[in-house]
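Keeping their order, the protein sequence lines are chains Y and P.
Residue numbering for the first sequence follows my numbering, starting at 816 and increasing by one per position.
Residue numbering for the second sequence follows my numbering, starting at 1360 and increasing by one per position.
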Amino acid sequence: MVDNGVSTTHVLVIGSGGAGVRAAIEAAEHGPVVLLSKTIAGKGGCTPMAEGGYNAVLREGDSPELHVADTLRGGAYLNDPALVDALVREAPDRVRELVSWGAVFDVGPEGGVAQRPFGGQQFPRTCYAGDRTGHEMMVTLMDRLAATGVTVVHESAAVELLLDDGRCAGAVALDGDGAAGVYLADAVVMATGGGTQVYDISTNSSSGTGDGYALGYRAGAELIDMEMVQFHPTGAIHPYDARGRLVTEAVRGEGGRLLNRLGERFMARYDPERMELSTRDVVARAIATEVLEGRGTERGGVWLDVTHLSARQVEERLPIMLEQFLAFGVDIRTEPMEVAPTAHHIMGGLRITPDCATTLPGLFACGECSGGVHGANRLGGNALAETQVFGRRAGLSAGRSPVREKGVTPGIDRQLGALRRRFDGFRDGEVPPASVVRRLKETMWCGAGIYRDRGQLAGALAGIEVLKHERLLARTDRNLLDCCTAANMLLTAELICRAALLRPECRGAHTRLDPSCELPPDRSPYAHTYLSTAGEGIEEVAR
Amino acid sequence: MTPVTIRVSRFDPASGQPARLVPYTVEVHEGARVLHALHAAREQDPSLAYRYCCGSGQCGSCAVKVNGKPALACMTPVGDGDVIEPLDLPVVRDLVVDLVPRIARIAALLPKGGGELPDAATVEALKPLCDCVECGSCVSVCPAVAVTDFAGPTAMRQLERLVLDPRDAGDRVSQADAEGLFTCTSCHACYEACPKDIEIMGKAIERLRAEAHRRGYTFPRHAEIADLVRTTGRSVARITTPLFERVEPVIEPYGPVRGEVAFFVGCMYSMRLPETALDAIEVLRRNGIRVVIPMEQVCCGSPLLRTGQTEDLERLKRINIGAFRPYPVVMTTCAGCGMTLKKNYGDLPFRVMDINEVLTEFGIEPPARLPLKVTYHDPCHLLRGQGISEEPRAFIRGVADLVEMPAYCCGSGGGVKSGKPEEAAALGELRRKAIEETGADQVISSCPFCEFHIQGHTDLPVRNVASLLLDGYRAREGDARPGERKVQ
Ligand SMILES: Cc1cc2nc3c(=O)[nH]c(=O)nc-3n(C[C@H](O)[C@H](O)[C@H](O)COP(=O)(O)OP(=O)(O)OC[C@H]3O[C@@H](n4cnc5c(N)ncnc54)[C@H](O)[C@@H]3O)c2cc1C
Ligand code: SF4
Ligand code: SF4
Ligand code: FES
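Below is the structure:
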């Protein structure tokens, strides 16, 4: 079973996005660290794809209070205030740290890191490196990581957390050949990113399959607010096979206009004050409504237009967008882009304290796989900041965890046996994981999308239940991971639907068509939804 | 949905079998990329291995060869009949190559501590060098990587990025030198392969070489060439009667004058291979083109530029521009001179054309066809430096049967032949093999450096396109013994 042997380390970090690498860098100050990455480290996940930017209070006129207020308002007051506080207070230091490590951000007119306006914010506080901000951060973090003693295990994916005496004691990982390895650690940091690949139309990278939610849940950790899925208003429609590809909010930040088929700047109807720079939930619903009411384009989208900007501004500020659309035959300097909403970000996730402890001892979490920072809707630019602030915090907490005796205990051995049986089952399975995943994506897009109601959600859950009973097939050992990933996607999707049924209100990104919701979000009687193997529910606010 | 058939290279290290191409017919939507066809193929055969993550050209995981050329699978439209192979790097399985060791050779910034963001001008200079997604395409096509321990084009890109960054504490010039800075042949294959259009040669390697030169890293052999240029205006010493002493400054065509070019002869054709230049002049005369040879012309500066010895460049440029100012069309026959005049001289008061362009534009008298099988070696500075590939082929096909071989650097450029002769020889030997596989009787090229170097690595005659054309003309007129002379 354990072809790759058993290794021990002080801290095991799972995931090599912005959060995981930042955690590993920090933890390395405290002892040996192993970083597991499903992809070549630095290439996977959504961080290198992030285009728009990183929110931090850097200039006079802005303040932490304003950033907190924007984040809470954007999050429909569902955010955990202690987490928001940490985010806002530490984001500036973390960006300065990236600069000192060599990050090449754009320079503002008066020197220092340039900032631009992003949706839902009262101050232009989004730091950027053209429209390849996440890539620049990732390159910088990988440089820094290289200077530490962290052992990087490329192209090995965690498939199960190991438990010892009620604590998280490590993980089992599959490498590219389908060989399993056991990694035992004093503390584990989950940093696997998001999971909107469970939807048919998604911006996420191939690794956005919700592994962290699924592994954490199966190991007994609690998740919150999983119903809060952000649909980014502007995903590309064409070509069909690349649908969902993100059209960054920076396009609107730079002055891009949304127009319907009739040429109307329709945001005037939905948010006349903030127009295109309203929060994402509002803009996504506006576009969905325009299309539903017959004012969309033939392909079912709307136009996003920057042709009124100078060619130079487009070339300098939006080079990746220009390059991507040119590759698909559209010159955005002279033609509008065709866009529609796309599943982008999961605001919910593993419940954490400000020190990134989950409810499972020994397991820490940071980045998109954790929940609570963004509440019911994330502001553009807050996720990259989250990766750095909470990546560092998780690395610190894990690094400071006491050193324990590590070994394959009888309990761990039993888990390995169960895993072996699961793998054997896959080798004897019947249904290719790709077909299950395809059906799941359609089920989720139709049943748990921008607008949802009880009937749709129950239908989606029933659909997922059917898919869960398909016997996934691994034709070779190398396909075992495909099966594990498909199972993780099924579980993530199920958690989203269950949580969505638990919240009987419209809040942020969660728009229920069935209940009437009279109360403004800051007066809502509800707080987090929660789910764990021990039970589920929705918290009510004591008023 | 439309069906497309792609052929995908399959390789299983455990099987002991070499890689083979397997056809897959898949259904894709309009506008689909290679990656989407691979996804569909993998549904048919889940054992197919390839990498991808972002699906949008941002992570550099998915680089493969599409019909022989590196490309990002996620950004490249798929076409019926496409052949998908791994990059030319060690293959792990199917389309997956061993990328991590190559990425590991890209240097990391060493913070000095307390680093502030550099000023706007510095950031603007840094940005184009930061676009790299570490896809490995450039490394996979680099001839210097193939035959030496060169860290690779993108590693050099990164070192220049670090040189420009005031926050970096490393000694990047020494590092570049140790990691193969002077092994680059200036072939531009990396630029052609890069999905992010990073011109590594001009934007990084030549700048690093200039810096290395300032710091005294110049090879003695390169310094000698620079001295020669300084004292004689030529990068090649006198070993035979130079062209300038063999011809009149104005050479009239045989028939009516259809056009006129001012001939920028270059050091190799004027000093070492004047017979080839005479052949070219003959071809022009037979096609009604008057050839003017301004005698004040000097070395274009390419040997200095490519080796980082740029001090003398402005002087050479001034002399050459002065000498050619009166003429609307300046013709080069050396691919290196042509590229230098076109790319490194900035705005010019005349138009620079390679002889292949000149002859194509004016049109030529048809030569006789000879019972000859030849292959063509693309000079890097003609193919990638000037985008000229079809023109010489058309002329060759007019005279002989053309058997193609893959375009690949012969090793003579970038100061490598003088500075790193073993490397130039190793690349020359690779050409020998490729030439042998064609079964040709002669090798044709269109650059004196390539012709001279390849002649040292094949027993076949290596000849210029113009000389072959002249053979065709002479055969038509019944004069003797075409194609006998070898490059000396
Ligand atoms: C296209 C796009 C653009 C965005 N733009 C912005 C923006 O401009 N500003 C902003 O603030 N936010 C943006 N976001 C959101 C933001 O990028 C993400 O929320 C954030 O980068 C997540 O970081 P992370 O480190 O948590 O996860 P990721 O960066 O997603 O990294 C997850 C890592 O975990 C690895 N992994 C996953 N599963 C496993 C497993 N089982 N075992 C081992 N490793 C595993 C993956 O390979 C990957 O390396 C954008 C998101 C997308 C998709
Ligand atoms: S120009 Fe040619 S030799 Fe030089 S780095 Fe690029 S590919 Fe290699
Ligand atoms: S320089 Fe270009 S080709 Fe080379 S690794 Fe970077 S992106 Fe790829
Ligand atoms: S999959 Fe990331 S560049 Fe193609």
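Just so it is clear, CB atoms sit at the ideal spot from N, CA and C, and this is done for glycine as well.
As the structure is a computational prediction, the values presented were derived from the model and not from experiment.
Pairwise C-alpha distance: residue 1710 of chain P and residue 1557 of chain P = Straight across, the Cα-Cα distance linking residue 1557 of chain P with residue 1710 of chain P is about 26 Å.
Return no unless some Cβ of chain P is closer than 9 Å to the Cβ of residue 875 of chain Y.
-> Interface flag for residue 875 of chain Y against chain P is unset, since no Cβ pair is found closer than 9 Å.
Tell me the DSSP bridge mates of residue 1069 of chain Y?
-> None, per the DSSP bridge assignment.
Using a Cβ cut-off of 8 Å, which residues of the stretch 1399-1418 of chain P contact any Cβ in chain Y, in chain order?
-> Taken in chain order, the members of the stretch 1399-1418 of chain P whose beta-carbon sits within less than 8 Å of a beta-carbon on chain Y are 1401, 1402, 1405, 1406, 1408, 1410, 1411, 1412, 1413, 1414, 1415, 1416, 1417, 1418.
Residue 1535 of chain P touches chain Y at which residues, Cβ-Cβ below 8 Å?
-> Correct list: empty, because the minimum Cβ distance to chain Y is about 17 Å.
Any chain P beta carbon closer than 9 Å to residue 1056 of chain Y | Yes, its Cβ sits closer than 9 Å to a Cβ of chain P.
Under a CB-based cut-off of 9 Å, is residue 1560 of chain P close to chain Y?
-> No, residue 1560 of chain P lies away from the interface with chain Y (no Cβ there is under 9 Å from its Cβ).
Compare the C-alpha of residue 1423 of chain P against each of P:1735, P:1415, P:1618, P:1432 and name the closest.
-> That would be P:1432, whose Cα lies nearest to the Cα of residue 1423 of chain P.
Buried versus exposed call for residue 1613 of chain P [16 or more other C-beta atoms within 10 Å across all chains shown] = Exposed: under 16 other Cβ atoms inside 10 Å.
Using a beta-carbon distance below 9 Å, is residue 1845 of chain P in contact with chain Y?
-> The pLDDT assigned to residue 1845 of chain P is 40, lower than 50, so where the model puts this residue is not dependable; a value taken from the coordinates is nonetheless given after this. With 9 Å as the cut-off, residue 1845 of chain P does not count as an interface residue toward chain Y.
Beta-carbon spacing of residue 1005 of chain Y, residue 1031 of chain Y below 9 Å = It is a contact, given that the beta carbons lie within the stated cut-off.
Members of the stretch 1157-1176 of chain Y that neighbour chain P once the beta carbon cut-off is set at 7 Å = Cβ contacts with chain P: none found.
Would you report the Cα separation of residue 1676 of chain P and residue 1664 of chain P, rounded to the nearest angstrom?
-> One C-alpha to the other measures close to 12 Å.
Mark residue 1841 of chain P as exposed unless 16 or more other C-beta atoms lie within 10 angstroms of its C-beta, in which case mark it buried.
-> In this predicted model, residue 1841 of chain P has a pLDDT of only 44, less than 50, meaning its place in the structure is not dependable; the value taken from the coordinates is given anyway. Flag for residue 1841 of chain P reads buried.
Exposed or buried, residue 1221 of chain Y, counting other C-beta atoms within 10 Å across all chains shown (16 or more means buried)?
-> Flag for residue 1221 of chain Y reads buried.
Take residue 1296 of chain Y and list the residues in its own chain whose beta-carbon comes closer than 6 Å to its own, dropping the five residues that flank it on each side.
-> Cβ within range, chain order: 972, 989.
Pair within 9 Å by beta-carbon distance, residue 858 of chain Y and residue 1419 of chain P = Yes, the Cβ-Cβ distance between residue 858 of chain Y and residue 1419 of chain P is below 9 Å.
Does any CB atom of chain Y fall closer than 9 Å to the CB of residue 1611 of chain P?
-> For residue 1611 of chain P, the answer is no, since every Cβ of chain Y falls outside 9 Å of its Cβ.
Ends of the beta strand (DSSP E) at residue 1379 of chain P?
-> Segment 1379-1387, the beta strand (DSSP E) holding residue 1379 of chain P.
For the 8 Å Cβ check, are there 3 or more pairs between the stretch 1749-1765 of chain P and the stretch 1709-1726 of chain P?
-> As far as the Cβ criterion goes, the stretch 1749-1765 of chain P touches the stretch 1709-1726 of chain P, which means the pair count is three or higher.
Establish whether the CB of residue 1381 of chain P and some CB of chain Y are separated by less than 9 Å.
-> No, residue 1381 of chain P does not count as interfacial toward chain Y.
Just reading off the beta strand (DSSP E) that residue 1823 of chain P is part of, what are its end residues?
-> DSSP places residue 1823 of chain P in the uninterrupted beta strand (DSSP E) bounded by 1821-1823.
Does DSSP put residue 1351 of chain P in a helix, in a strand, or in coil?
-> Nothing in the structure corresponds to residue 1351 of chain P, since chain P is present only between 1360 and 1847.
Using 10 angstroms around the beta-carbon of residue 1792 of chain P, count the other beta-carbons present and answer buried if the total reaches 16, otherwise exposed.
-> Burial call: exposed.
Starting from residue 973 of chain Y, follow the alpha helix (DSSP H) in both directions and report where the run begins and ends.
-> Run containing residue 973 of chain Y: none in the alpha helix (DSSP H); it sits in the beta strand (DSSP E), 971-979.
Would you mind reading off the limits of the beta strand (DSSP E) that contains residue 983 of chain Y?
-> 982-990 is the extent of the beta strand (DSSP E) around residue 983 of chain Y.
Closer than 6 Å by C-beta to residue 1386 of chain P: which residues in its own chain qualify, once you throw out the five before and the five after it? Chain order, please.
-> In its chain, beyond the 5 residues on either side, 1360, 1362 have a beta carbon closer than 6 Å to the beta carbon of residue 1386 of chain P.
First and last residue of the uninterrupted alpha helix (DSSP H) at residue 1793 of chain P = Here the alpha helix (DSSP H) through residue 1793 of chain P covers 1780-1797.
Would you list the one or two residues that DSSP bridges to residue 916 of chain Y?
-> Bridge pairing for residue 916 of chain Y: absent [DSSP].
Give a single yes or no on whether residue 878 of chain Y has its beta carbon closer than 8 Å to a heavy atom of ligand 4.
-> No, ligand 4 has no heavy atom inside 8 Å of this Cβ.
Using the Cα positions of residue 1509 of chain P and residue 1305 of chain Y, report the straight-line distance between them to the nearest angstrom.
-> Roughly 47 Å separates the two Cα atoms.
Check whether the stretch 1004-1022 of chain Y touches the stretch 1117-1127 of chain Y, taking contact to mean three or more Cβ pairs, one atom from each stretch, closer than 8 Å.
-> Three or more beta-carbon pairs separated by less than 8 Å are not found between the stretch 1004-1022 of chain Y and the stretch 1117-1127 of chain Y, which leaves the two stretches without contact.
Would you say residue 1462 of chain P reaches chain Y, if we count a Cβ-Cβ gap shorter than 9 Å as a contact?
-> Chain Y places a beta carbon closer than 9 Å to that of residue 1462 of chain P, counting this residue as a contact.
Name the one or two DSSP bridge partners that residue 1688 of chain P has.
-> As computed with DSSP, residue 1688 of chain P is found in a beta bridge with P:1710.
Please check if any C-beta of chain Y sits within less than 9 Å of the C-beta of residue 1475 of chain P.
-> Nearest CB-CB separation between residue 1475 of chain P and chain Y: below the 9 Å threshold.
Proximity to residue 1772 of chain P [Cα-Cα], best of P:1548, P:1619, P:1471, P:1621 | Looking at the Cα atoms, P:1548 is the closest of the given residues.
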